[in-house]
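Data block below; observations after.
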Amino acid sequence: MKILAIDDQQLVLLTLQKRFEELGFKVRVATDAIKGLDLFDTFKPNLVIVDINMPKISGIELIKRIRTSKKSSTPIMVLSGNTSDDVFAKGFEYGISDYMKKPINLEEVTARVKRLNIFFQTF
144 MKILAIDDQQ LVLLTLQKRF EELGFKVRVA TDAIKGLDLF DTFKPNLVIV DINMPKISGI
204 ELIKRIRTSK KSSTPIMVLS GNTSDDVFAK GFEYGISDYM KKPINLEEVT ARVKRLNIFF
264 QTF
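Letter by letter, the sequence shown follows residues 144 to 266 in the working numbering.
If you want it as structure tokens, here you go:
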């Protein structure tokens, strides 16, 4: 499985990258949405993990671009400290697969990624 993680917090990215590489996944990271969109095209991930509050382009806008411009149904998991109901609703409207609040629990993120991997392999 190939995972693309996009977050402006380097510590979050390093933690996710280390954990998922230990589990045998291929991981690429980006600290902003523009770099993330470029990596999306070249890396072709099986899962995107994205933060909502980022500079320049928000995670919601990134999700919208993946779904509309790129016409991709790649599973997307949101990790964010933003707990606004409007943000939840907008994310699910654009087709996110899961949403977790920060601070993250690494064991829970791992379990959810494994569940998404199994779920989307069955289709």
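From the three backbone atoms N, C-alpha and C, an ideal C-beta is built for every residue, glycine too. Since this is a predicted model, take the numbers as computed values, not measurements.
Tell me the rounded alpha-carbon separation between residue i and residue j.
i, j, result
"Leu147", "Ser227", "24 Å"
"Lys213", "Glu250", "31 Å"
"Gly238", "Asp194", "15 Å"
"Leu190", "Gln152", "19 Å"
"Phe262", "Val172", "23 Å"
"Met144", "Phe168", "5 Å"
What are the boundary residues of the beta strand (DSSP E) that includes residue i?
i, result
"Ile146", "145 to 149"
"Lys199", "Note, Lys199: premise wrong, no beta strand (DSSP E); not H, not E."
"Lys169", "169 to 173"
"Leu190", "190 to 193"
Give me the Cβ distance between residue i and residue j, rounded to the nearest whole Å; I'm assuming they're in contact under 8 Å.
i, j, result
"Lys199", "Asp175", "6 Å"
Got a sec? Which residues, its chain only, sit under 6 Å from residue i by beta carbon, not counting five neighbours each side?
i, result
"Phe163", "Ile146, Val170"
"Val252", "none"
Subject >> Segments of 3+ residues assigned as beta strand (DSSP E) that fall wholly inside the region 216 to 246 >> reply: Within the region 216 to 246, the runs of beta strand (DSSP E) at least 3 residues long that lie entirely inside it are, in chain order, 219 to 223, 241 to 244.
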